[in-house]
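In terms of this note's numbering, the sequence shown is residues 43 to 382.
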Amino acid sequence: MGRKLLVTVTPEAEVHTGLPGPESHWRELTHDRRVPRRSVHKASEAEVLLTDAMHLGGERYAVAAAWHRDHYLAHRGGPAADPVLLVETVRQTAIHLSHRFLGVPHGMPFVLSEARVELVEDLPAPDAVPLGVGLDVTCRRAATSARRLRLELEGDVLVRHRRLGRVRLCWEPMEPRRYAVVRRHGGQGAPAGPSEPGPARVALEPVRVGHLSRRDVLIDADPLRADRWWLRLDTEHPVLFDHESDHVPGMALVEAFRQAGRVATAGSRPQAGGVRLLDVAFTAFGELDAPVTITAHPLGDGLSAFRAHQGGRELACARIGGAATTPGTARAGTATGTAC
Numbered sequence: 043m044g045r046k047l048l049v050t051v052t053p054e055a056e057v058h059t060g061l062p063g064p065e066s067h068w069r070e071l072t073h074d075r076r077v078p079r080r081s082v083h084k085a086s087e088a089e090v091l092l093t094d095a096m097h098l099g100g101e102r103y104a105v106a107a108a109w110h111r112d113h114y115l116a117h118r119g120g121p122a123a124d125p126v127l128l129v130e131t132v133r134q135t136a137i138h139l140s141h142r143f144l145g146v147p148h149g150m151p152f153v154l155s156e157a158r159v160e161l162v163e164d165l166p167a168p169d170a171v172p173l174g175v176g177l178d179v180t181c182r183r184a185a186t187s188a189r190r191l192r193l194e195l196e197g198d199v200l201v202r203h204r205r206l207g208r209v210r211l212c213w214e215p216m217e218p219r220r221y222a223v224v225r226r227h228g229g230q231g232a233p234a235g236p237s238e239p240g241p242a243r244v245a246l247e248p249v250r251v252g253h254l255s256r257r258d259v260l261i262d263a264d265p266l267r268a269d270r271w272w273l274r275l276d277t278e279h280p281v282l283f284d285h286e287s288d289h290v291p292g293m294a295l296v297e298a299f300r301q302a303g304r305v306a307t308a309g310s311r312p313q314a315g316g317v318r319l320l321d322v323a324f325t326a327f328g329e330l331d332a333p334v335t336i337t338a339h340p341l342g343d344g345l346s347a348f349r350a351h352q353g354g355r356e357l358a359c360a361r362i363g364g365a366a367t368t369p370g371t372a373r374a375g376t377a378t379g380t381a382c
C-alpha cells in the first residue's frame, strides 16, 4: 500500500490569496486594521477604508484598503462595486499620504480639484468577508512655492492579483488663513440676485439610484426636464457629513453625478455595476443653503457629461461612461477646487 501524501494549507497561505498583488510588499502591509481616522479626516472609524501604506521608494507608494459590503458607497445589491467607492478610497489615500509621508501637518484643509477612475473591468463587489484592495501609486508635487503645495496622485488599482484600472487625484493642502480666502472667493454664499425658480421636485425611489434607504438618495427629478435633477442633502447623513462642513462635500457631488448617470442611462435597473469611467473636476464651492441643479448631456460612444450649477455658477463637471467608452478621452475645462 502506497504512502499517503498530506498537504497542509497554512492560514498564512490562505490570507495571501486575497492580497491585492503577488509582490512582497503586499504581505508586509496590514490588511485587517484601519489606519487612524484622523489621518484620513474622518470622525467615525467605520468610515475609514485604508488599512496601511508603505513608501516603496522615490514617488511610489503601496496603499492597502478593505471594502465592507455595508458601506454606504458599496451600493448593495449589484454584481460589482461602484467606482464611487474607489474614488473615496483614493481621496483617503491622498490625505493619508500627505500627513504620513509628505510632511503636511494635521489641521490643514485640503482642496480637491480633480478625481478620475478608469477601469478595464468591473470592480468585484464586497462580500461577507471584506474585499482587499490595493493602490500602487506615484504621488508627486505638481507645483510648489512659498505659498502653495499642489499634489497629484496616479496609479493602478489591484484586486486579487489583477490590475483593474487606473486612478488619478489632484489636491492642495492649504494653510487655514489661505483656505479662508479661497473659500470666500470660491463660494458666494447665497446666489447674488434672484435664483432660478425651483419647480416641484419628484422624489426618486432608492432602488433607482442603487440604494435601499430614502436618506441615501441625493437627487430629485425635475418634472419639467428629464435631463435635470435637484440635489438633495441631509446634513445629518452619517457618511457624507461624517464631520462638520460649511459647503457641499465633494464626495456628495460625485455620488450625485453617479446617481444621475444611473437614472439617465439605466432607468430602474437594480445593478450598480457597469460604470468604467468616472472623471470629475471641481470648479467652485457649493453653499448648503442654495439650490443645486445637475444636468446631463450625452456625448456619444457610451459617454455622458454632467454639470452641477448653483446660482449661475458651475460647481463641478463630470464624465461618466460604461464598458463601451473609449479610454483616454481628454477632459475639457479647468478646475479650481472644493474642500475634500
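All C-beta atoms, glycine included, are put in the ideal place defined by N, C-alpha and C.
**OP:** Kindly identify the DSSP beta-bridge partner or partners of Gln-352.
**Re:** Answer by DSSP bridge pairing, in chain order: Arg-355.
**OP:** Confirm, please, whether the CB-CB distance from Arg-183 to Leu-193 is below 8 Å.
**Re:** With a cutoff of 8 Å on beta-carbon distance, Leu-193 and Arg-183 are scored as near each other.
Subject >> Three or more C-beta pairs below 8 Å linking the region 198–207 and the region 216–226 >> reply: Cβ pair count under 8 Å is below three, so no.
**OP:** Alpha carbon to alpha carbon, how far is Pro-62 from Pro-147? Give it in angstroms, no decimals.
**Re:** In a straight line, the C-alpha of Pro-147 is about 30 Å away from that of Pro-62.
Original post:
What are the boundary residues of the alpha helix (DSSP H) that includes Thr-135?
Top reply: Run containing Thr-135: 125–142, per the alpha helix (DSSP H) assignment.
Original post:
Around the C-beta of Ser-155, are 16 or more other C-beta atoms found within 10 angstroms, so that it is buried, or is it exposed?
Top reply: Flag for Ser-155 reads buried.
Subject >> Secondary structure of Thr-277, DSSP reduced to three states >> reply: It is coil, neither helix nor strand.
**OP:** On a CA-only basis, which of Arg-226, Leu-98, Trp-271 and Ala-294 is nearest Val-127? Give me that one, please.
**Re:** Checking the sequence shown, residue 127 turns out to be Leu, not Val. For Leu-127, the nearest C-alpha among the options comes from Ala-294.
**OP:** Express the C-alpha separation of Met-96 and Gly-197 in angstroms, rounding to a whole number.
**Re:** Looking at the backbone, the Cα of Gly-197 and that of Met-96 are separated by about 14 Å.
Subject >> Arg-267, DSSP secondary structure in three states >> reply: When DSSP states are grouped into helix, strand and coil, Arg-267 belongs to the strand group.
Subject >> Span of the alpha helix (DSSP H), counted from its first residue to its last, around Val-223 >> reply: First-last of the alpha helix (DSSP H) with Val-223: 218–228.
Original post:
Using the C-alpha atoms, what's the distance from Ala-360 back to Pro-265?
Top reply: Rounded to whole angstroms, Pro-265 and Ala-360 show a C-alpha spacing of 23 Å.
**OP:** Taking all protein chains shown into account, decide if Glu-87 is buried (16 or more other Cβ within 10 angstroms of its Cβ) or exposed.
**Re:** Exposed, because fewer than 16 other Cβ atoms sit within 10 Å of the Cβ of Glu-87.
**OP:** May I have the straight-line CA-CA distance separating Val-223 from Leu-357, to the nearest angstrom?
**Re:** Annotation: Val-223 to Leu-357 spans about 17 Å, alpha carbon to alpha carbon.
Original post:
What is the DSSP secondary structure of Glu-56, counted as helix, strand or coil?
Top reply: Confidence in Glu-56 is poor, its pLDDT being 36 and thus under 50, which makes the residue's placement too unreliable to answer from.
Original post:
Helix or strand or just coil, what does DSSP make of Leu-47?
Top reply: Since pLDDT at Leu-47 reaches only 39, below the 50 mark, its modelled position is unreliable, and no value is offered.
**OP:** Report yes if the C-beta distance between Phe-299 and Val-322 is below 8 Å; otherwise report no.
**Re:** The Cβ-Cβ distance between Phe-299 and Val-322 falls below 8 Å.
Original post:
Where do the N-terminal and C-terminal ends of the alpha helix (DSSP H) with His-67 fall, by residue?
Top reply: From DSSP, the alpha helix (DSSP H) with His-67 extends over 66–70.
**OP:** Kindly list the residues whose CB is nearer than 6 Å to the CB of Cys-212, restricted to its own chain and excluding five residues on each side of it in sequence; keep chain order.
**Re:** When the five nearest sequence neighbours on each side are left out, the beta carbons in the same chain lying within less than 6 Å of the beta carbon of Cys-212 are those of Ser-155, Glu-156 and Glu-194, in order along the chain.
Original post:
Under the three-state reduction of DSSP, which class applies to Ala-170: helix, strand or coil?
Top reply: Secondary structure at Ala-170: coil, using DSSP grouped into helix, strand and coil.
Original post:
What did DSSP end up calling Thr-307 once you bin it into helix, strand or coil?
Top reply: Looking at Thr-307 - three-state DSSP - the assignment turns out to be helix.
Original post:
What does DSSP give as the partner residues of His-339 in its beta bridges?
Top reply: Beta-bridge pairing links His-339 to Ala-347.
**OP:** Using the Cα positions of Leu-341 and Gly-364, report the straight-line distance between them to the nearest angstrom.
**Re:** Going from the Cα of Leu-341 to the Cα of Gly-364 covers about 12 Å.
Original post:
What residues in its chain sit with their C-beta under 6 Å from that of Gly-60, if we drop five residues either side in the sequence?
Top reply: Gly-174.
Original post:
Which whole-angstrom value describes the C-beta separation of Thr-272 and Asp-258, a residue pair presumed to lie in contact below a C-beta threshold of 8 Å?
Top reply: It is Trp, not Thr, that sits at residue 272 in the sequence shown. So it is not a contact: roughly 16 Å between Cβ atoms.
**OP:** Note the first and the last residue of the continuous beta strand (DSSP E) segment covering Gly-197.
**Re:** 191–201 is the span of the beta strand (DSSP E), which, as asked, contains Gly-197.
Subject >> C-beta contact flag for Pro-172 and Trp-109 at 8 Å >> reply: A contact, by the Cβ cut-off of 8 Å.
Subject >> Own chain partners of Pro-274 with C-beta closer than 8 Å, once the 5 adjacent residues on each side are dropped >> reply: Note that residue 274 is Arg in the sequence shown here, rather than Pro. Correct list, in chain order: Arg-243, Val-259, Leu-260, Ile-261 and Asp-262.
Original post:
Hey, out of Asp-169, Arg-318 and Arg-256, whose CA is closest to Val-159's CA?
Top reply: The option with the nearest alpha carbon to Val-159 is Arg-318.
Original post:
Using a Cβ-Cβ cut-off of 7 Å (strictly less than) and excluding sequence neighbours within five positions of Val-77, which residues of its own chain qualify?
Top reply: Same-chain partners within the cutoff: Val-90, Leu-92, Thr-93, Asp-94 and His-138.
**OP:** Could you name the residues of the same chain whose beta carbon sits closer than 7 Å to that of Arg-267, not counting the 5 residues immediately before and after it, in chain order?
**Re:** In its own chain, leaving out the 5 sequence neighbours on each side, no residue places its CB closer than 7 Å to the CB of Arg-267.
Subject >> Val-105 to Gly-176 span [Cα, whole Å] >> reply: Between Val-105 and Gly-176, the C-alpha separation is close to 6 Å.
**OP:** In angstroms with no decimal places, state the Cα-to-Cα distance between Gly-252 and Ala-245.
**Re:** Taking the straight line joining both Cα atoms gives about 14 Å.
**OP:** For Val-82, I'd like the list of residues in its chain whose CB is within less than 7 Å of its CB, leaving aside the five on either flank, ordered along the chain.
**Re:** Same-chain partners within the cutoff: Val-90, Leu-92, Gln-134, Ile-137 and His-138.
**OP:** Along the beta strand (DSSP E) that carries Glu-163, what are the first and last residues, could you check?
**Re:** In this chain, Glu-163 is not harboured by any beta strand (DSSP E), its DSSP state being neither H nor E.
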